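For the sequence shown, our numbering begins at 3 and goes up steadily by one.
For each residue, glycine too, the CB sits at the ideal point set by N, CA and C.
No experiment lies behind these values; they were computed from the predicted model shown.
Structure record follows, encoded as structure tokens.
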Amino acid sequence: MKTEPSLSSPPDLEWSPSSWQRKPAAQQPAYPDPEALQRALEKLSRLPPLVTSWEVEALKKQLAEAQRGERFLLQGGDCAESFEECESSIIANKLKILLQMSLVLVHGLKKPVVRVGRFAGQYAKPRSADMETQDGMSLWSYRGDIVNHTGFTEADRRPDPELLLRGYERAALTLNFIRSLVDGGFADLHHPEAWDLAFVRHSPEAEAYHRIAESIGESIRFMELVGGASMADLNRVDFYASHEGLLLAYEQAQTRRVPRRTGWYNLSTHLPWIGDRTRSLDGAHVEYFRGIANPIGVKVGPSMTPEELTALVKVLNPHGEPGRLTLIHRFGAKRIEKHLPPLIGAVRRAGQAVLWCCDPMHGNTETTRDGIKTRDFQNITSELEQAFDIHEAEGSRLGGVHFELTGDNVTECTGGARGLSAQDLKRDYRSLVDPRLNYEQALEMAMLIARRIQRKKTGGTHG
Ligand code: PEP
Ligand code: CO
């Protein structure tokens, strides 16, 4: 029997990869065949890990540097990855746009960027309703490709445990391809032309981007001339994987001990995060996350109170380990001004060290008259600009950004330099859940951030 702990109860001291099962777990699918689920989980727990503890610790170190202001975090990718889109060009385009954005940021911020993809495992989605009704028929909501299918039939929507294995495999295929591209020199900073996207030349920001790429190339050549040797480190840049750690049974099955290290690692991804809907202090997600050694993220939305946040930070990072905890706030352009300052103040007064990151997507979702989910570029940039200003005014630092984006030329968010309208959205809307910035909008966003920071550095008010 599960007991409902009260809000004030201290966390149980005894943690294990399965201790979350004693707590109420929100947003979990109701698998109709528990034995089939157990069989799938057993298989999953015998399969090799997708990432290693070395990589996980290397990322934690980079996030600790970001926390100290020595780096900047760029996290981005699909709202929901689909099994169907586990395809070479789509994956490569996602890497390319993240690389290009990171170059623009490195150039503008004059500091290294930590690149984290929402990929290789971003298959499970929280939903606002358990059921969806169409023409009088009610079925389970679609919860991501790792749970059920988008089609609207009884069979499509039935949670299928075999999909946990298919998700693990897709994540492995994706990571394998990303690792090979990176190791094969795809991300070689000597050759930025290798990761130009075909449509970059049509982008309103194409010229500015090429100037940046050229200037970085020149700097590298200069350094090599001066140093007299090739800078091996510049031949590759690292990418890390992240996903919302929503399906706790899946996460548990990939939670392992590793030789010569203490603690337990979630080896399905480098950086798992807790979503805004599952971050309850007494819930199963917080219980699971508090015990793993990975760096972790928590989404922070408008319903978070300062007291709740400091209590959460204490549970998730009791020893104040640097790089351990990234708070990803997402309020919306109209609400950030009211909600963020008290949270920053409370965390500071509690003496808690975290990395602050802004997700300007999830608080700015709206529905058009035609019923299409979208986000406007202007609202996204407005929330982001305010986030920078508020952190600065509070004596804090915005150390990263979190976007839903794609390297393809979809039409899901309105606005941007090309001025996509609500009418344009129908042209190429592919997202299964939330609308993403397309390639041009994502590059423009990176330019905006870089320009804003440069402006601040030089003390100017224009540019
Ligand atoms: C998401 O990142 O896709 C998501 C569901 O976000 P949040 O938890 O912030 O609502
Ligand atoms: Co989303």
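Quick one: is the Cβ of H272 within less than 7 Å of any heavy atom of the ligand CO?
no
Taking Y267 as the reference, give the member of D278, R172, Q254, R279 with the closest Cα.
Per the Cα distances, Q254.
Indicate whether the contact test is met: 3 or more Cβ pairs, each with one atom in the stretch 362-372 and one in the stretch 434-451, closer than 8 Å.
yes
If I follow the unbroken beta strand (DSSP E) through N268, where does it start and stop?
Where N268 is concerned, the enclosing beta strand (DSSP E) starts and stops at 266-268.
In its own chain, which residues sit with a C-beta less than 8 Å from the C-beta of T463, not counting the 5 before and 5 after it?
Residue placement at T463 is flagged as unreliable, the pLDDT there being 49, under the threshold of 50; a coordinate-derived value is accordingly withheld.
Would you call E195 buried or exposed, if buried means 16 or more other Cβ atoms sit within 10 Å of its Cβ?
It counts as exposed.
What residue does the alpha helix (DSSP H) around T383 start on, and which one ends it?
379-395
Which value, in whole angstroms, describes the spacing of the CA atoms of R281 and L434?
24 Å
Does the stretch 277-292 come within contact of the stretch 133-140, defined as at least 3 CB pairs closer than 8 Å?
The answer is no - the stretch 133-140 does not touch the stretch 277-292, with fewer than three Cβ pairs under 8 Å.
State the CB to CB distance for the pair A82 and G123, rounded to an integer number of angstroms; the pair is presumed to be in contact (CB under 8 Å).
Actually they are not in contact, since the Cβ atoms of A82 and G123 sit about 11 Å apart, beyond 8 Å.
With hydrogens ignored, establish whether the beta-carbon of V435 is closer than 7 Å to any heavy atom of the ligand CO.
yes
Quick one: is S270 buried, meaning 16 or more other Cβ sit within 10 Å of its Cβ, or exposed?
buried
Please look up how many angstroms separate the CB atoms of L75 and C415, rounded, as I've assumed it's under 8 Å.
Contact doesn't hold; Cβ gap of about 21 Å is too wide.
Should K340 be labelled buried (16 or more other beta-carbon atoms within 10 Å of its own) or exposed?
exposed
By a C-beta neighbour count over all protein chains shown, 10 Å radius and 16 as the cutoff for buried, is P297 buried or exposed?
Residue burial annotation: P297 is buried, with at least 16 other C-beta atoms found within 10 angstroms of its C-beta.
Which residues in the same chain as A352 place their Cβ atom closer than 6 Å to its Cβ, once the five residues preceding and following it in sequence are excluded?
A distance below 6 Å between beta-carbons, with the five flanking residues on each side excluded, links A352 to the following residues of its chain, in chain order: T312.
Which first and last residues belong to the alpha helix (DSSP H) in which K62 is found?
K62 -> alpha helix (DSSP H) spans 55-69.
H364: beta carbon under 7 Å from a heavy atom of the ligand CO?
yes
From the DSSP output, in three-state form, read off S21 for me.
helix
Can G79 and G119 be called in contact, C-beta distance under 8 Å?
yes
What are the start and end residues of the alpha helix (DSSP H) that includes M363?
Element bounds for M363: n/a, residue is neither H nor E.
Answer yes or no: the CB of C81 versus the heavy atoms of the ligand CO, is any distance below 7 Å?
Because some heavy atom of the ligand CO lies under 7 Å away, the Cβ of C81 counts as near it: yes.
State yes or no: is the C-beta of E207 within less than 8 Å of the C-beta of M449?
yes
Label Q380 either buried or exposed according to how many other C-beta atoms from any shown protein chain fall within 10 Å of its C-beta, with 16 as the threshold for buried.
exposed
Based on Cα-Cα distance, which residue from S217, E220, V184, R263 lies nearest to S55?
If we check each option's Cα against that of S55, R263 comes out closest.
Cβ of D132 versus every heavy atom of the ligand PEP: is any distance shorter than 7 Å?
no
Closer than 7 Å: G303 CB and nearest the ligand PEP heavy atom
yes
Answer with buried or exposed for T369, where buried requires no fewer than 16 other C-beta atoms within 10 angstroms of its C-beta.
exposed
Nearest CA to the CA of G373: which residue from T257, Y431, E220, V288?
Y431
If you draw a straight line from the alpha carbon of V108 to that of I214, how long is it in whole angstroms?
Approximately 10 Å, taken between the alpha carbons.
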